[in-house]
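In what follows, a single structure is set out as structure tokens and then discussed.
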Amino acid sequence: VPAAVALAAALSAQTAFFPLKDLKPGMLATGRTVFSGNHVEDFQVEILGVLENVGPKQSLILAQLS
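Residue numbers (the numbering used here): 13 to 78.
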């Protein structure tokens, strides 16, 4: 069990996120979610902007989903 915990911690440390500083209005993306059962559905995302400092060390990404 300790090895599994160490592996999970190592894998989560390698997860990369898109840098907030590189996010620009007008960028497009495809999101994926599961609304029901186990069927994955795609949806479109358009970045509208970023509100900086809406809370302590927090920014808010504004996006339109369709």
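Note that CB positions come from ideal geometry on N, CA and C, so glycine has one too.
Taking just the CA atoms, how far does residue j sit from residue i?
i   : j   : result
T45 : A75 : 16 Å
T42 : S78 : 10 Å
F30 : N50 : 26 Å
V38 : F47 : Strictly speaking, residue 38 in this sequence is Gly, with Val absent from that position. Near 26 Å, if we compare the C-alpha coordinates of F47 and G38.
So, are the CB atoms of residue i and residue j less than 8 Å apart?
i   : j   : result
K33 : I59 : no
V66 : I73 : no
V52 : L40 : no
Can you list, in chain order, the residues of its chain whose CB lies under 6 Å from that of residue i, leaving out five sequence neighbours each side?
i   : result
E64 : S71
K69 : none
Spatial neighbours of residue i within its chain, please: CB distance less than 8 Å, with the 5 preceding and 5 following residues excluded, ordered by chain position.
i   : result
F55 : T42, G43, R44, T45, L77, S78
Here's the rule I'm using: 16 or more other beta-carbon atoms within 10 Å means buried, otherwise exposed. How should residue i be labelled?
i   : result
V13 : Only weak support is given to the placement of V13: the predicted model assigns it a pLDDT of 49, under 50, and the question is left unresolved by the model.
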